[in-house]
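Read the structure below first, then the notes.
2 protein chains.
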Amino acid sequence: MKVSKKELDKRMARFEEVCRESGAKLTPQRMEIFREVAQTVEHPDAEKVFDGVRKRMPTVSLDTVYRTLWWLNDLGLIKMLGPARERVRFDADLSRHHHFVCTECGLTRDFVSDELDRLELPDSLLSIGHAEKTHVEVKGLCRKCAGKKKPGAKKTKKGEPL
Amino acid sequence: MKVSKKELDKRMARFEEVCRESGAKLTPQRMEIFREVAQTVEHPDAEKVFDGVRKRMPTVSLDTVYRTLWWLNDLGLIKMLGPARERVRFDADLSRHHHFVCTECGLTRDFVSDELDRLELPDSLLSIGHAEKTHVEVKGLCRKCAGKKKPGAKKTKKGEPL
DNA sequence: TTAGGTGCAAATTCTTTGCACCCTG
DNA sequence: CAGGGTGCAAAGAATTTGCACCTAA
Numbered sequence: 001m002k003v004s005k006k007e008l009d010k011r012m013a014r015f016e017e018v019c020r021e022s023g024a025k026l027t028p029q030r031m032e033i034f035r036e037v038a039q040t041v042e043h044p045d046a047e048k049v050f051d052g053v054r055k056r057m058p059t060v061s062l063d064t065v066y067r068t069l070w071w072l073n074d075l076g077l078i079k080m081l082g083p084a085r086e087r088v089r090f091d092a093d094l095s096r097h098h099h100f101v102c103t104e105c106g107l108t109r110d111f112v113s114d115e116l117d118r119l120e121l122p123d124s125l126l127s128i129g130h131a132e133k134t135h136v137e138v139k140g141l142c143r144k145c146a147g148k149k150k151p152g153a154k155k156t157k158k159g160e161p162l
Numbered sequence: 163m164k165v166s167k168k169e170l171d172k173r174m175a176r177f178e179e180v181c182r183e184s185g186a187k188l189t190p191q192r193m194e195i196f197r198e199v200a201q202t203v204e205h206p207d208a209e210k211v212f213d214g215v216r217k218r219m220p221t222v223s224l225d226t227v228y229r230t231l232w233w234l235n236d237l238g239l240i241k242m243l244g245p246a247r248e249r250v251r252f253d254a255d256l257s258r259h260h261h262f263v264c265t266e267c268g269l270t271r272d273f274v275s276d277e278l279d280r281l282e283l284p285d286s287l288l289s290i291g292h293a294e295k296t297h298v299e300v301k302g303l304c305r306k307c308a309g310k311k312k313p314g315a316k317k318t319k320k321g322e323p324l
């Protein structure tokens, strides 16, 4: 499913603007890679983007697609979903709960909430599918990282569980 | 952080029971791998589990850990978090929205909900960290997969609690 | 006894990097 | 013209698999 032309134009305009502001070069590859993500409501993976772009530009390489995608993400022009440099993790707690995830160090803690469990889903979901489970993920800084942040913000290694 | 001895014992007992019921062999490796996940509230990845088990059983191999973890997941004794065999995906929609994900085909669709956006988080979160964003992921079958699976599948009703 | 389980090592899959050439600004 | 950007190929990281030996039931 594609987004409306109007919305796509808006996204492309913002892309060019942010791109220019950041002082980065506006290459045809970047243009097409961004367009590929911006024109759809599906949430394509790198391979899908690659295939789409390749139709119009047969010489792009997969690694340019990856590099450009991370770059767009860093610029805040797109967002990443799912396994963003993380590993699979395991949980033996089978009771109903949600997760708090620290954006800095990856610390993940369970929490429960009656209010969340009573949530009602919007009608718009009916046209998409049949809901079976909902899981809430709260992102933020854990206490430890919030404390560290001010002095000299330090990065933790990728997806390291705590 | 470890779970209480009582809870751990409960989990181990259920493990042995399910294991026996399923007709699978109760090997020391499986025992220790399950115990490693069951004894903590952290959400360890395969490597972490491997390291923990290796302390008590120096000869386990990483691939046995992986195989056992998938097996435990299939038996419903543990759950997987994060990149469960998925790839990173990209989204150019920067507005506030949540996701519906089909557990069968992976289809991902955005949806919005005022109610979700007004959610109040429980106090218990305060002791963990500072919440910045909350994202809801609804899992279920998309219409297409629901149709394939069992033609007479029931539909979600409005207002049905999750 | 014997089918299922394990360890080892090699294979895959998805992503990331080094490097020399190319093109935008 | 300069320095960032690109393509290619090769490297990595996290899983996964083939195979022969081992062991719980």
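Here the protein sequences line up with chains V and R, keeping their order.
Residue 49 in our numbering is what sits at position 49 of the first sequence, and the numbering runs on without skipping anything.
Count along the second sequence from 1, then add 162; that gives the number in our numbering.
Built from N, CA and C at the ideal position, the CB exists for glycine as well.
Bear in mind the structure is a predicted one, so any value in this text is a computation, not a measurement.
Check                                                                                                                                : Outcome
Closer than 8 Å at the beta carbon, the chain V residues around R/Thr-230                                                            : Correct list: empty, because the minimum Cβ distance to chain V is about 10 Å.
Where V/Leu-81 meets chain R, residues with beta-carbon distance less than 8 Å                                                       : Val-250, Arg-251, Phe-252, Asp-253, His-261 and Thr-270
Exposure label - R/Pro-323; buried when at least 16 CB within 10 Å                                                                   : Unreliable placement is indicated for R/Pro-323, whose pLDDT of 41 sits below 50; the coordinate value is still reported in the next sentence. The residue in question, R/Pro-323, is exposed, as its Cβ has fewer than 16 Cβ neighbours within 10 Å.
First and last residue of the uninterrupted alpha helix (DSSP H) at V/Gly-52                                                         : 46-56
Cα-Cα separation between V/Phe-100 and R/Val-211, rounded to whole angstroms                                                         : 21 Å
Residues sharing a beta bridge with V/Arg-96, DSSP                                                                                   : Paired residue(s): none; V/Arg-96 is not in a bridge.
Interface flag, R/Val-180 vs chain V, CB-CB below 8 Å                                                                                : no
Simplified DSSP state of V/Lys-148, which is helix, strand or coil                                                                   : helix
Partner residues on chain R for V/Ala-146, Cβ-Cβ distance less than 8 Å                                                              : Gly-291 and His-292
CA-to-CA distance, R/Leu-256 to V/Lys-144, given in whole angstroms                                                                  : 29 Å
Boundaries (first-last residue) of the alpha helix (DSSP H) holding R/Thr-270                                                        : No alpha helix (DSSP H) holds R/Thr-270; the beta strand (DSSP E) holding it covers 270-273.
Beta carbon of V/Leu-134 nearer than 8 Å to that of R/Val-298                                                                        : Note that residue 134 of chain V is Thr in the sequence shown here, rather than Leu. Cβ distance < 8 Å, so V/Thr-134 and R/Val-298 count as in contact.
V/Gly-76 classed as buried or exposed, judged by whether at least 16 other C-beta atoms fall within 10 angstroms                     : exposed
First and last residue of the uninterrupted alpha helix (DSSP H) at R/Cys-304                                                        : Segment 291-304 is the beta strand (DSSP E) holding R/Cys-304; no alpha helix (DSSP H) there.
Beta-carbon neighbours of V/Pro-44, restricted to chain R and to distances below 8 Å                                                 : Arg-251 and Phe-252
Per-residue DSSP class, three states only, for R/Glu-179                                                                             : helix
The region 247-254 of chain R in contact with the region 196-213 of chain R per 3-pair CB rule at 8 Å                                : no
Cβ shell of V/Ala-153 (< 7 Å), same chain only, five flanking positions each side left out                                           : Confidence at V/Ala-153 is low in this model, with a pLDDT of 40, below 50, so its placement is unreliable and the value that follows should be read with caution. None.
Contacts around V/Lys-157, its chain only, beta-carbon distance under 8 Å, and the 5 residues preceding and following it disregarded : Low per-residue confidence applies at V/Lys-157: pLDDT is 35, beneath 50, and the placement is therefore not dependable enough to give any value.
From V/Met-31, V/Ser-22 and V/Asp-74, residue whose alpha carbon lies closest to that of V/Met-57                                    : V/Met-31
Under 7 Å (Cβ pairs) to chain R, residues found in the region 4-35 of chain V                                                        : Arg-11
Cβ distance (whole Å) where R/Ile-240 is taken to contact R/Val-199 below 8 Å                                                        : 5 Å
Proximal residues of chain V, C-beta to C-beta of R/Val-199 below 8 Å                                                                : Phe-90, Asp-91 and Ala-92
Close Cβ partners of V/Leu-8 (< 7 Å) along its chain, the five nearest in sequence each way excluded                                 : Ala-38 and Gln-39
Between the CA atoms of R/Cys-264 and V/Lys-10 - distance to the nearest angstrom                                                    : 29 Å
Rounded separation between R/Arg-279 and V/Asp-123 - CA only                                                                         : Note that residue 279 of chain R is Asp in the sequence shown, not Arg. Straight-line Cα distance between these residues: approximately 15 Å.
Span of the alpha helix (DSSP H), counted from its first residue to its last, around R/Asp-236                                       : 224-237
Cut-off 8 Å between Cβ atoms - residues of its own chain near R/Arg-132, not counting five sequence neighbours on either side        : Coverage of chain R is limited to positions 163 through 324, which leaves residue 132 of chain R absent and any answer about it impossible.
Interface residues of chain V facing R/Cys-264 [CB-CB closer than 9 Å]                                                               : Ile-128 and Gly-129
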